[in-house]
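If you read the sequence shown in this note's numbering, its first letter stands for residue 2, the second for the next number, and so on. Worksheet for the structure shown next.
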Amino acid sequence: MFRRFRGETLLCWVLGAAVILGVCGGCSPDQYKAKADKEVYGIIDAKWEDGFGNKSNYMIADSNAPVSPNDIEIEKIVPPSGILSLPQAVAIATAHNRDYLRQKEQLYLIALDLTLARHQFAKKWFGTIDASYTRNSANESVGSDSRVGFNQLLADGAQIGANVAVDWARFLTGDPSTSLGSVLTATASQPLLRGRGRKIVQENLTQAERNALYQLRSFARYRKTFVVSIVSAYYRVLQRKTSVLNAESSYRRLLESQKRLELEAEAGLASQSDVDEAKQQALSAENSWVQSQQSYEGALDDFKVSLTLPTDTKVELDPNELQKLETALTYEVDYTPESAIEAALNWRLDFATSADRVEDAERKVMLAADNLGAELNLVGSAGVSSTPETKVGRLQFHEGTYTLGLEADLPLDRKAERNAYREALISLEQQQRNFENDRDNIELEVRDALRALNAEAEGYRIQKMALELAEDRLEAQEMLFDIGQSNVRLLLDSEGALLAAQNDVIRSLVEFTIAGLSFYRDIGVLQVKPDGMWEELVK
């Protein structure tokens, strides 16, 4: 019977410990992941500013966070028509482009680091349970030692902690006695000199908060750059497609001229040399058509890769997007160099970060200077035990042990701290120069972008005039040739000039558009909308 009692006692003890461990085992991996997502996106939402653009397309694909109404949920498929509009192309790119996804993940990871930095000042609870079974020649016993408590770092540098330990033991042989006791322990430490004050103590948290803001700015600027790159690639593919159509039309016109000359030669109205020259021009035009088709197909495949679409996907881009450009573009640029630079210095997110990094360096100097001083801490502790035997809840505060004292670290050897302080001063000088260099480079970028925009605007206007002239010239040469007042060479030259003018005007249209987008991006006023497209923030 005693053996049964001993076995049942041991079994109950083991089951009890298992239940406690199971209850305290924590959340499942999916629950931890969901909590991390909720905290991270709460940080991002709180730090998102109006100047960053619409809050969309920033959540990573496997996130459990609630989906924003502005987020683009788009499958990696092509519309049934096989025609991709510009907004559809940008939406697919922001949903599936590998580099864009990496940028979203980097934003998430920086915000995740911030959650740990914030946790540094939270109460850190802990609980441990140790269980044992002991047997020797004289006795057999079971016991446990459990401990629960917390530690916390306060904003002013104080560290506090408290825990309760409970010891339990039961002898299974001999005298079946049981012992149960508890101990309450509390500690506190307050820096009085080095390491004292909110600015010093919270520096790591401050930097983590700012790093999250910097990464958010970087992501917002990346979105602008990314959208400009996708839009630019879209228009350039359409430009190549238009060049294919122009080359085909030119070839067919030259082929008609060749056939007409062959009929005239049979009637004795044209020479064989004129026919041969027309054939040569037609063959050259056919070759140009084939080459332009190959160039277009290669550019289209490259564009598919940027959208993370398979290269064998049957897709075409919408030619109506170029027609929209022709009706929407204006030659007037509303910015002067001075107003453009002012806008850039006000709105460029990377410039704002560059300015803030100077403040970071200044704080690092303050922190390094603080580390040079003496360390003096006020420390205290208390330890209280329970009454003997099994009255675990009765703590004998009147018989507790209480201590209060000072801990000092004199600045007798501060070589490492001295070097760190000097490095911080040099880093501050470097960061100030970096800020000045960033400002100069931004001014240079803006001036270059504005000059390029003005040049492309004027170039597009000139190319449109050149196209009208080439069309009139070809029409005139055809009329003169019909009445015998012109020759084959002039007619063929006019045809070549028309093809060149057609290609030049579409190229100039595309480059003018891209120059405008690049300019608005460089002065910081281009905003990304929820559908992935853009708009101008201010003028």
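We put the CB at the ideal spot given by N, CA and C, even for glycine.
- By the neighbour-count criterion, in which a residue is buried when 16 or more other Cβ atoms sit within 10 angstroms of its Cβ, PRO192 is buried.
- A buried status is given to MET60, since no fewer than 16 other beta-carbon atoms sit within 10 Å of its beta-carbon.
- Taking C-beta separations shorter than 8 Å and ignoring five residues to either side along the sequence, the partners of THR135 in its chain run GLU141, SER142, VAL143 and GLY144, following chain order.
- If you compare the alpha carbons of ASN372, ALA96 and ILE507 with that of SER307, the shortest gap goes to ALA96.
- Straight-line spacing of the CA atoms in GLN208 and ARG358 works out to 10 Å.
- Runs of alpha helix (DSSP H) with 4 or more residues, each lying fully within the segment 387-445, are absent.
- For the set ALA353, ARG452 and THR514, the Cα lying nearest the Cα of ASN435 is the one of ALA353.
- Here ALA467 really is in contact with ALA502; their C-beta atoms are around 5 Å apart, less than 8 Å.
- The continuous stretches of beta strand (DSSP E) do not include ALA344, which lies in the alpha helix (DSSP H) extending over residues 338-348.
- Taking SER495 as reference, the option from LEU350, SER258, ILE427 and GLU339 with the minimal CA-CA separation is SER258.
- In the structure shown, SER29 adopts coil according to DSSP, grouped into three states.
- Of the other Cβ atoms in all chains shown, 16 or more fall within 10 Å of the Cβ of GLN216; this residue is therefore buried.
- Listed as beta-bridge partners of ARG136 by DSSP are GLU141.
- Here the alpha carbon of ASP523 sits roughly 15 Å from the alpha carbon of ASP335.
- Within the segment 270-330, the alpha helix (DSSP H) runs of at least 4 residues that lie entirely inside it are, in chain order, 273-307 and 321-329.
- GLN259: member of the alpha helix (DSSP H) spanning 204-267, first to last residue.
- When C-alpha distances from VAL165 are compared across ALA156, ARG197, ILE130 and ALA159, the shortest belongs to ILE130.
- The residue among VAL184, ALA471 and ARG490 with its C-alpha nearest the C-alpha of ALA271 is ARG490.
- From the listed residues LEU323, SER387 and ASP410, the smallest Cα separation to GLY374 is found for ASP410.
- Burial state of TYR101 is buried, judged by a 10 Å Cβ sphere holding 16 or more other Cβ atoms.
- Here GLU333 carries a coil assignment [DSSP, helix/strand/coil].
- Counting along the chain, LEU527 sits inside the beta strand (DSSP E) bounded by residues 527-529.
- Within the same chain, Cβ atoms closer than 7 Å to the Cβ of ALA300 are found at ARG237, VAL238 and ARG241, the five residues on either side in sequence being excluded.
- The shortest CA-to-CA distance from SER190 to any of ALA458, LEU379 and SER183 is the one to LEU379.
- Using a 10 angstroms sphere on the CB of VAL276, the tally of other CB atoms reaches 16 or more, which defines it as buried.
- Exclusion of the five residues before and after ALA90 leaves TYR235 as the residues of its chain whose Cβ lies within less than 6 Å of its Cβ.
- Under a 10 Å Cβ-count criterion, ASP46 is classified as exposed, with fewer than 16 other Cβ atoms of the shown protein chains found around its own Cβ.
- Here the C-alpha atom of ARG415 lies approximately 15 Å from the C-alpha atom of LEU194.
- Counting only residues of its own chain and dropping the five nearest sequence neighbours on each side, ILE507 has a CB closer than 6 Å to the CB of GLN240 and THR243.
- Following the DSSP letters along the chain, one finds TYR59 in no alpha helix (DSSP H), marked with neither H nor E.
- Restricting attention to GLU446, ALA213 and GLU287, the CA atom closest to the CA of GLY497 is found in GLU287.
- Listed as beta-bridge partners of ALA189 by DSSP are ILE161 and GLY381.
- If you ignore the 5 residues before and after SER355, its C-beta comes within less than 6 Å of the C-beta of PHE436 and ASP439, all in its own chain and listed in chain order.
- With contacts defined by Cβ atoms closer than 8 Å, VAL232 and TYR297 do not form a contacting pair.
- ARG423 and TYR521 have their C-alpha atoms some 41 Å from each other.
- Bridge pairing for THR129: ARG148 [DSSP].
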